[in-house]
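Going by our numbering, the first residue of the sequence shown is number 105, and it counts up by one from there. Reviewing the structure listed below.
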Amino acid sequence: VTPSQPQDTMPQEVDVLKISNDDAAFILGKSGRTKEKIARVSGAELDLFEQSLTLEIRGSEAERRRAKKYVECVMAQRVGPVTIDDDSEDDDLTVIQVPTEAVGFVTGSQGNFLRQVEEEWGTL
Numbered sequence: 105v106t107p108s109q110p111q112d113t114m115p116q117e118v119d120v121l122k123i124s125n126d127d128a129a130f131i132l133g134k135s136g137r138t139k140e141k142i143a144r145v146s147g148a149e150l151d152l153f154e155q156s157l158t159l160e161i162r163g164s165e166a167e168r169r170r171a172k173k174y175v176e177c178v179m180a181q182r183v184g185p186v187t188i189d190d191d192s193e194d195d196d197l198t199v200i201q202v203p204t205e206a207v208g209f210v211t212g213s214q215g216n217f218l219r220q221v222e223e224e225w226g227t228l
């Protein structure tokens, strides 16, 4: 990289995760939406190769770290409830306590309200 080379053409580091077939489907999501959402909120570029069951994550160190964290969270949801610790140093988490009687409202019919909030506010 030369000093005159534009920032957006600098080569990016790549992390490669080996994933299961079930995880690949879960990470991809319906019509690729989950993968796109992870890429959007992390700032990283994600390429899922279903043939080799690998996920390539490109971006800065911080972008790749966030993307890996989000991917691991999504994969964990496939097998059961997920608990997220509020002690991350990434400053990318806001925890909101939702009263039991309001969970249905926050989630919405078939999760639609929650997805609308995620889309509007760029959250995961």
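Think of the CB as a built atom: it goes at the ideal place given N, C-alpha and C, for glycine as much as any other residue.
Practice item. Quickly, what does DSSP pair D119 with across the bridge? List them, please. Key: I161
Review point. Which class does D196 belong to by DSSP, given the choice of helix, strand or coil?
Key: coil
Check your understanding: Are at least three pairs of beta-carbons, each pair with one atom in the region 155–170 and one in the region 205–220, less than 8 Å apart?
Key -> no
Check your understanding: Which of helix, strand or coil does DSSP assign to D189?
Key -> coil
Check your understanding: For E149, which of helix, strand or coil comes out of DSSP?
Key -> strand
Review point. Would E165 pass as a contact of E117 if the rule is Cβ separation under 8 Å?
Key: yes
**Study point:** Continuous alpha helix (DSSP H) stretch holding G133: start and end
**Key:** Neither: G133 is in no alpha helix (DSSP H) and is coded neither H nor E.
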